[in-house]
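Each remark here refers to the structure printed beneath this line.
Residue numbers (full-length UniProt numbering), protein chains in the order written: chain A, 1 to 364; chain B, 1 to 364; chain C, 1 to 364; chain D, 1 to 364.
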């Protein structure tokens, strides 16, 4: 496929630009018979939506999703589901300057050399706005995985710029604009306020998990479950690192410590993050991602123009000072989409497999 | 594709098991007309080969590659290239015990639940031995990319267990069994000796780079260049983390620091690792991976048997006490395969694109 | 991919149902920089449009295409192009009877067993209305192939039911509602009138060609150019046969007659239809397809209900008495899409190939 | 995929050349746990093997298949199955003349323009010898489909050159070298003898069927079951036409005649060949293919040399005077591979679907 599709059996094809008439996606391969309406999708879109706090971009987008196909009388029919989100707040402005220069840290330079043309309006195709259709598709996958396996997908922020965030409990996540798993976010707010004042931006680290994962998902070589998770996560705007389980900490671990022992009472630990040999063990999936600081900042920086001459650029407009803040629902959606793909793929090849061995992860 | 193929336009399909008659791969999509013989492939296989120092498994495999198809009178014909490596040192032994239990940290448990059958001989399909065909295919990609663009792929170890390894220069890498970029590896040797004595294992961190990367490779959404690199790397046995450029360090960076400024003298820095918005900037690709400690250790560990009853397992046989030691050529190969795929894909869509803007990465 | 996508490098993902809010497609992989507007697409949609003569369905659809993405300031950007066509004339009616029975010759029975749910409104996903997005995508491919290679795609009807149609010249095709290449279509009109009076339907045979085809398109085994053409054509509603070149007539030919001799003045004949060994020879592509009689007829027929009990069904509503009549532009579009895919694929693998041998097809 | 792979979930990647060291394929996606040995595959290879009668090429190839991977203790493991067939009878000869000219009707000219290099030894990659791995893979699919659904695949010749062959019964097929379904093949033998004496060749028409087909296989648009069958069949060497059910005869049929009525006693007819709307109806699949006359004939013919100058070519060596004679087992294999792909795909998406409607095809 030509680059804008995620998955094969549950294939999500993404289209649109930040300031075009609409963005959206087509989901091909959704199992038939599932109850589905916009109300199942909208809550996750609302969690990702801009303009919900002073720490994110003030662009006002309702992000209302419309189901154009694939659903009849409230149920999926097994045919392609087209989800459409109209862009409504595309401020008109002069893009001449943006088109003449390249913003450091931005996709501008690569797009220009690749395509020889670029849509400067709000970043065009490179805008993080294009994660909205991913979130919408992820909501469909989440629903099916929940109904079929009882799976739950959750995410939270574990570090904001230089500030590590303590994990106090999932219950705190919905109550603050950072998706932080702690009660007091005043330090985070102060940090963001000072950044915004300085015209600068920062990165973030997120954690995403899935529970009640079926055991046996993933292919032995190349298309492993962890490989596909890494692909999906690193395919998200601004992500520069992906970890499964203990991730980079495993480098300094000993084998005698790292190996998670299965026991009759469940696995004794989960250093592997729920995946061994590329295949799910049935334990919770544990994924971490690093998100770089937003490239669009008010601070002037050196760059070049279209002809290679030196110039200085300064980004204006509405931007998230930390793109990681709104990324939690996106990372959850990506994890759900990968699991969905492998759940369907597993049925294709292994639907007849039966073993007597208990699923010890369910006991843990 | 059904999981064992990497790439679409330069598609590498991997087959074989550790102790079956042979392992190998089929490369579909190699451009025609390139001089190719086993001598182009063998050096990288030799770098990965077991038995070359006391710090790796003592299995004696010549890993001689045979080209079965796709080459006529020394040149690639554009048709599928089958590369075959016969297994020669498959020691016969009793696998009954392995089949009755699950080794912690191993793929056993997932394979069993997924397939309902597993090949216990040396890990079967889950063995790191299956990376040899990947290395062979990577050598073909490396050759084409070198001839076409002058690209070079290099890798080294940057941490062995708890020991960080200083980067003193690429010239040291070929002279020691660790692919360490430093002159003195005595501390690394002592560390490995003590580990082996303790019947334990450790992890490693590797760095891989590519130079003279064409600008403009990668697709905007989902199949970004970094996403496909992450997929390939995380698909390598025992990898638990992938970073592009500054990776997880970007979390604490400010936007004003992170953004790499293009200047008429080249890019001023390379925090992004050569990829912006999923598309290569022409700068060097910089990738880091975390490899977990080997799961096969002599230390007894708790586990369960096929019926879920508690048991104790102790791995015997020949194993690498740090699978990261031999992984450098594999990681290089994977990076080359991903770049090759995107180089071909780029020609498909964008062969007609021409821009006047200089390629500033070439000036850096 | 999950079934509703045609092509890989020029990938067209089709969505929608006959009476849903909209139908459309996403084209992923279109080369950047091409001028493109709705005006380039609309003419082919208009040729396929219902309601243009008394011999086709009287459903009144404007079939106005809207470009939702992938075009900036009138040029393709290399990112996904979403084409949307709103459905406007979806007559409301009671579908209870249709849902309780299976119409002979229709997709009903298979859809029901496959999906367990079906959209009865105008045939839902199985409606020939879903060929409109294919035509729209084909218009984009046609434009690129015309600008790049000077290619032209043409089609005509060669048989209507029992009536063979003489080929008098392409110039007649646009002037009659049958896409017939002859001046006098009064016999065809009389035939259709009598069919309609009888409440019956008939089949048709079409011919499609492409000129100025580049030599060298197609893959040796499996994904041959002719194989992909056959796939595309047989994937069109109601098609039951596909021929390349002399097709079924080759069975009774001798090798000494069939082989098309290349000569310095061009190929001496074109029995092969422009494809040898799965690869284009540069001669005109010649394809024929058989289209079965429309299944929706007024004549009552035996069938069963949902519970397997005998019943009689009689189709009402607006239907084409010969679906082949409007199929010519669709077949042209499919041929263009397949050629486009292979043209892009060829550049990926073989962009560097140069031979001195003249392209004799250009002399013919 | 890069052209040499058939299928996605049951993906067969074909490699090799007529006179290289070996030919073969890798099957990725075979369900685990099925008993499989070379003895399951060899019978179909033997049916296709050269040298079995005076009417086919006298090349002496044992075509012994070796299973290199994917099977452990006699059962498939769910990992890639590599099937290898060593070439043994590659006569050495001078290919200089072949390389300087283009044989009419052959792939030479297209290969040369596409790849800029060609392997002249026995046709290299374009040889019909490459259908042997397809037959081997098809045998694996047939076995699974037989065990799972009781499916049977059968084929026969229905026309040899100008001679139509009456269908007297399947029992005659194994008893003659033509796969003819009749008792007396003396006319066919005389026809072939006279052709051989004349140094000429002829075409053939074949019929392939599948019984006990599951209802509901195939995707609505583009990847329909019939589309994928057409793709597979037209991808077979020398095929120029494909029909499903009544094929081209449907053009002159009326809708009132063509539609197959489901009744409580089974379908009343099978004009559709078991596929409606791209989805299997559960009736027998009925496919016909047209195979052109062999291009390699002793008769001298006009052609050009590498520089475009006129020349005369005359093919020598061992060739089948009618390639259709050995094609029956290949066509069966291709049909089995397509059904296998769709059977696995169906489970992925629709494993949970249950309807009460009886499968009337099973009553027919």
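Cβ coordinates follow ideal geometry from the N, Cα and C atoms, glycine included.
Under the Cβ criterion (8 Å, minimum of three pairs), the stretch 131-139 of chain A counts as touching the stretch 43-52 of chain A. Interface annotation, residue 75(A): not in contact with chain D, CB-CB separation never under 8 Å. Against residue 258(B), the close residues of chain A are 105, 292, 293, in the order they occur along the chain (beta-carbon pairs closer than 7 Å). Among the residues facing chain D, residue 72(B) is included, as its CB has a counterpart in that chain under 8 Å away. Those residues of the stretch 212-223 of chain D placed with their C-beta closer than 8 Å to a C-beta in chain C are 215, 216, 217, 218, 219, 220, 221, 222, 223, ordered along the chain. Taking each of 320(C), 37(C), 154(C) in turn and checking the Cα distance to residue 122(C), the smallest one comes out for 320(C).
Taking 9 Å as the upper bound on Cβ-Cβ separation, chain A lies near residues 102, 103, 104, 105, 106, 107, 108, 109, 110, 111, 112, 113, 114, 115, 116, 117 of the stretch 96-121 of chain B. Within the stretch 337-353 of chain C, contact with chain B at the beta-carbon level (separation under 7 Å) is assigned to 344, 345, 347, 348, 349, 350, 351, 352, 353.
Taking 8 Å as the threshold, the shortest C-beta distance from residue 150(A) to chain D does not fall below it.
In the same chain as residue 104(C), and ignoring 5 residues on each side of it, the C-beta atoms closer than 6 Å to its own belong to 301, 303, in chain order. Residue 170(D) is a Cβ neighbour of residue 154(D), given a cutoff of 8 Å. The Cβ of residue 250(A) sits closer than 8 Å to at least one Cβ of chain B. From the beta-carbon of residue 26(C), the residues of chain A found nearer than 7 Å are 13, 15, 26. Per DSSP, residue 182(C) has no beta-bridge partner at all. Assignment of residue 298(D) by DSSP, reduced to helix, strand and coil, places it in the coil class. The beta carbon of residue 280(A) lies closer than 7 Å to those of 213, 214, 215, 216, 217, 218, 225, 274 in the same chain, with the five residues before and after it left out. Between residue 33(D) and chain B, the shortest Cβ-Cβ separation is below 8 Å. Per the Cβ contact rule, the stretch 157-177 of chain D is in contact with the stretch 199-212 of chain D (3 or more Cβ pairs under 8 Å). Shown here for residue 179(A): same chain residues with a beta carbon closer than 6 Å to its own, the five before and five after excluded, namely 156, 157, 173, 328 in chain order.
The Cβ-Cβ distance between residue 306(C) and residue 100(C) falls below 8 Å.
Note that the C-beta distance between residue 6(A) and residue 232(A) is below 8 Å. By DSSP's assignment, residue 207(D) forms a beta bridge with 156(D), 288(D). At a C-beta separation below 8 Å, residue 234(C) has these neighbours in chain D: 224, 226, 227, 229, 230, 231, 242, 244.
Counting along the chain, the unbroken beta strand (DSSP E) around residue 15(C) starts and ends at 11-16. 292(A) is the residue among 62(A), 292(A), 165(A) whose C-alpha sits nearest the C-alpha of residue 201(A). Contact holds between the stretch 68-86 of chain C and the stretch 33-43 of chain C, because three or more Cβ pairs, one in each stretch, are under 8 Å apart. About 29 Å separates the Cβ atoms of residue 363(B) and residue 10(B), ruling out a contact at the 8 Å cut-off. Here residue 38(B) is not near residue 336(B), since their CB atoms are 8 Å or more apart. Distance from residue 230(A) to residue 242(B) at the Cβ level is roughly 6 Å; contact confirmed, criterion being Cβ atoms closer than 8 Å. Beta-bridge annotation (DSSP): residue 254(A) is paired with 202(B). Of all residues in the stretch 29-58 of chain C, only 29, 32, 33 place a beta-carbon less than 7 Å from a beta-carbon of chain A.
Between the alpha carbons of residue 191(B) and residue 272(A) lies a gap of roughly 24 Å.
For the 8 Å CB-CB criterion, residue 146(B) and residue 250(A) do not form a contact. Note: residue 66(C) is bridge-paired with 84(C) in the DSSP secondary-structure output.
With respect to residue 21(C), residue 263(D) sits apart: the two C-beta atoms are not nearer than 8 Å.
Residue 8(C) belongs to the set of residues whose beta carbon lies under 8 Å from a beta carbon in chain B.
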